[in-house]
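Engineer: One structure follows; several queries about it will come next.
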Amino acid sequence: MDTKQKRIRVLMFPWLAHSHISSFLELAKKLMNQNLYVYFCSTATNLDSIKPKISPNHSLSIQFIEFKLPLLPELPSYYHTTKGLPTHLLNALFKAVEMSGDGFATILKTHNPDLLIYDLHQPWAPTLASSLNIPAILFYTASAAGPFFAFHAWKKLKGEEFPSPEFYINDCFKPTKSSRNEFGRTPPDSSNTEKIFQLFRHSLDIILVKSFSELEGKYMDYLSILLNKKVVPTGPLVRDAIEEHHENEKEILEWLTKKRKASTVLVSFGSEYYLSNKEREAIAEGLELSEVNFIWVLRFPVGDKDKPKLEEALPEGYLERIGERGLMVEGWAPQAKILQHSSIGGFVSHCGWSSVMESLKFGVPIIAMPMFMHIDQPLNARLVQDVGVGVEVKRGKDGSLEREEIVKVIKQVVGEKDGENIRNKAREMSNYIKIKRDEEVDEVVQEINKILHKEGLKIHDKKVNV
Numbered sequence: 001m002d003t004k005q006k007r008i009r010v011l012m013f014p015w016l017a018h019s020h021i022s023s024f025l026e027l028a029k030k031l032m033n034q035n036l037y038v039y040f041c042s043t044a045t046n047l048d049s050i051k052p053k054i055s056p057n058h059s060l061s062i063q064f065i066e067f068k069l070p071l072l073p074e075l076p077s078y079y080h081t082t083k084g085l086p087t088h089l090l091n092a093l094f095k096a097v098e099m100s101g102d103g104f105a106t107i108l109k110t111h112n113p114d115l116l117i118y119d120l121h122q123p124w125a126p127t128l129a130s131s132l133n134i135p136a137i138l139f140y141t142a143s144a145a146g147p148f149f150a151f152h153a154w155k156k157l158k159g160e161e162f163p164s165p166e167f168y169i170n171d172c173f174k175p176t177k178s179s180r181n182e183f184g185r186t187p188p189d190s191s192n193t194e195k196i197f198q199l200f201r202h203s204l205d206i207i208l209v210k211s212f213s214e215l216e217g218k219y220m221d222y223l224s225i226l227l228n229k230k231v232v233p234t235g236p237l238v239r240d241a242i243e244e245h246h247e248n249e250k251e252i253l254e255w256l257t258k259k260r261k262a263s264t265v266l267v268s269f270g271s272e273y274y275l276s277n278k279e280r281e282a283i284a285e286g287l288e289l290s291e292v293n294f295i296w297v298l299r300f301p302v303g304d305k306d307k308p309k310l311e312e313a314l315p316e317g318y319l320e321r322i323g324e325r326g327l328m329v330e331g332w333a334p335q336a337k338i339l340q341h342s343s344i345g346g347f348v349s350h351c352g353w354s355s356v357m358e359s360l361k362f363g364v365p366i367i368a369m370p371m372f373m374h375i376d377q378p379l380n381a382r383l384v385q386d387v388g389v390g391v392e393v394k395r396g397k398d399g400s401l402e403r404e405e406i407v408k409v410i411k412q413v414v415g416e417k418d419g420e421n422i423r424n425k426a427r428e429m430s431n432y433i434k435i436k437r438d439e440e441v442d443e444v445v446q447e448i449n450k451i452l453h454k455e456g457l458k459i460h461d462k463k464v465n466v
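In terms of full-length UniProt numbering, the sequence shown opens at residue 1 and continues consecutively.
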């Protein structure tokens, strides 16, 4: 019997960034658990990386569909993802995606899903779906606070007054030449924000947001009023640590087990940001002077011919001075397994939204160090501090990181008495997530059912155990 018969068939189409792919995949697993059938559409290089993450129980409920990009001279197929993509090739990747609308239209016609769940960076996707009478909803994989404040500021420029929750963001942004808006490719302006607002409005009846009410309830409520659509949280969508497998995890976890409870910080800045020499030096010195244990995950662009050796990328004699107090990891590490370990007492993070969600799931307070590649990161850092689950590292007047401030915040969050409230609040958030379990996804499926009933489709909503 065809496993797709009498099941809602959802085509999921994430942006090509690692965090977006991971968020869509975790949501896909939750939907499959509720007896939905998933078409997962991405480039071959992304699909190759996620296929091993599908359990046998889910394998009959998902079909992977290749999204083919044109082969541009500067963008070989292994760069059809943001993972390891040199920053200067990002615009080329956007260009390739923009040229691929016809191919995606063919995918929609061939598979004719009941519903499209699309991402922010394919503005033509909901329009194509609508032309084929396929309902489409947006899944926004970052914080609800980000678009709320962007849309609020845009409407204020137009002379429209709207109440805003108290949130101190005036000094939240120190844009640099390399800044890139999470909503697009340039720092925010009114015309770009209007385009994004319309993309949110294209979503049929609801907006899915990767968040939860205890953290961002007021922002989701305000965003719902602004958009005149129901904003539905999906929950944090963090991959179970037990599902992670890394070749170096045994060495890392054995090292970590030798450390005292809550005595160690994880240092990682996501899959897309590469530290400058000056940033690397400030962080290295801050970690050394803080006297805490640390695991530092350091990344360099894939294929970088000028990639330095590890000892060359750090201050002279650094590895010898830190000794067993620090563990340097190049490339990738089992982040979830590290964060859930009892020896971890803090997370030095760029505040990418997926990292924030992961940290809160495991009750780890955040040392917030946004890097401005995405303009949502400074806002996430301010949100983390406002909610009370972390502290932001203040930058100098020129926007640079300063080792003294890094030392101060690490010591406050990990060891000092005045950081106890932060540590307790992080644990409270973790407990909330555990108690809620899949309640948010239950609501997501209910809302999908409403949309498809409204569109005249019969729904088979029997839940299965996997």
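We put the CB at the ideal spot given by N, CA and C, even for glycine.
(1) Check TRP296 in the structure and name its three-state DSSP category.
(2) Mark PRO56 as exposed unless 16 or more other C-beta atoms lie within 10 angstroms of its C-beta, in which case mark it buried.
(3) Once DSSP output is grouped into helix, strand and coil, what is the label at THR87?
(4) Can you check which of these residues, TYR222, TRP15, LYS337, is closest to TRP124 by C-alpha distance?
(5) For TYR79 and ILE283, what's the separation of their Cα atoms in angstroms?
(6) Could you tell me whether the Cβ atoms of PRO365 and GLY346 are closer together than 8 Å?
(7) Using the rule of at least 16 other Cβ atoms within 10 Å of the residue's Cβ for burial, across every protein chain shown, is LEU71 buried or exposed?
(8) When the distance is taken between beta carbons, is TYR219 closer than 8 Å to PHE294?
(9) Report the three-state DSSP secondary structure of SER55 (helix, strand or coil).
(10) Pop quiz: GLU392 and ARG382 are said to be a contact at Cβ under 8 Å. What is the actual Cβ separation, rounded to whole angstroms?
(11) What first and last residue would you give for the beta strand (DSSP E) that runs through residue 477?
(12) Could you tell me which residues DSSP pairs with PHE212 in its beta bridges?
(13) Quick check on DSSP: helix, strand or coil for GLY390?
(14) Grouping DSSP H, G and I as helix and E and B as strand, with all else coil, what is ILE8?
(15) On the DSSP letters alone, give me the boundaries of the beta strand (DSSP E) that LEU138 sits inside.
(16) Would you give the residue range spanned by the alpha helix (DSSP H) that MET429 belongs to?
(17) Would you kindly report the start and end of the unbroken beta strand (DSSP E) that includes SER268?
(18) Residues in the same chain with beta-carbon distance under 6 Å from GLY363, minus the five sequence neighbours each way, listed in chain order, please.
(19) In the DSSP assignment, what residue or residues form a beta bridge with residue 516?
(20) How about the segment 332 to 347 and the segment 208 to 217: do they share at least three Cβ pairs that are nearer than 8 Å?
(21) Thinking C-beta only, is LEU138 closer than 8 Å to LEU108?
(22) Is residue 467 buried or exposed, if buried means 16 or more other CB atoms sit within 10 Å of its CB?
(23) Would you tell me roughly how many angstroms separate the C-alpha atoms of ASN421 and THR257, rounded to the nearest one?
(24) VAL414 by DSSP, collapsed to three states: which one?
(25) Contact between the segment 254 to 270 and the segment 217 to 237: three or more CB pairs below 8 Å?
(26) Sort ASN46, VAL407, ASP48, SER23 by Cα distance to GLU291 and report the nearest one.
(27) Grouping DSSP H, G and I as helix and E and B as strand, with all else coil, what is VAL38?
(28) Which one or two residues does DSSP pair with residue 470 in a beta bridge?
(29) Do the CB positions of HIS20 and ASP119 come within less than 8 Å of each other?
(30) Applying the 10 Å Cβ sphere with the 16-neighbour rule, what's the burial state of GLY317?
(31) Using the Cα positions of ILE435 and LEU360, report the straight-line distance between them to the nearest angstrom.
(32) Mind checking GLN446: buried by the 16 CB within 10 Å criterion, or exposed?
(33) Which residues in the same chain have their Cβ closer than 6 Å to the Cβ of THR141, if we skip the five residues on either side of it in sequence?
(34) Report the rounded CA-to-CA distance for VAL444 versus ALA96, giving the unit in angstroms.
(35) With distances taken between CB atoms, is the gap from ASP205 to ILE375 smaller than 8 Å?
Structural biologist: In terms of the structure at hand:
(1) strand
(2) exposed
(3) helix
(4) TRP15
(5) 29 Å
(6) yes
(7) exposed
(8) no
(9) coil
(10) 7 Å
(11) Because the chain is modelled from 1 through 466, residue 477 falls outside the range shown and cannot be assessed.
(12) In the DSSP output, where bridge partners are listed per residue, PHE212 has none listed.
(13) strand
(14) coil
(15) 136 to 140
(16) 420 to 436
(17) 264 to 268
(18) ALA426, ARG427, SER430
(19) Absent from the structure is residue 516, since the part of the chain shown begins at 1 and ends at 466.
(20) no
(21) no
(22) The structure shown does not extend to residue 467, since the chain is modelled only from 1 through 466, so no value can be given for it.
(23) 25 Å
(24) helix
(25) no
(26) VAL407
(27) strand
(28) Given that the chain is displayed from residue 1 to residue 466, the structure contains no residue 470 and the question cannot be resolved.
(29) yes
(30) exposed
(31) 13 Å
(32) exposed
(33) HIS20, SER23, LYS210
(34) 32 Å
(35) no
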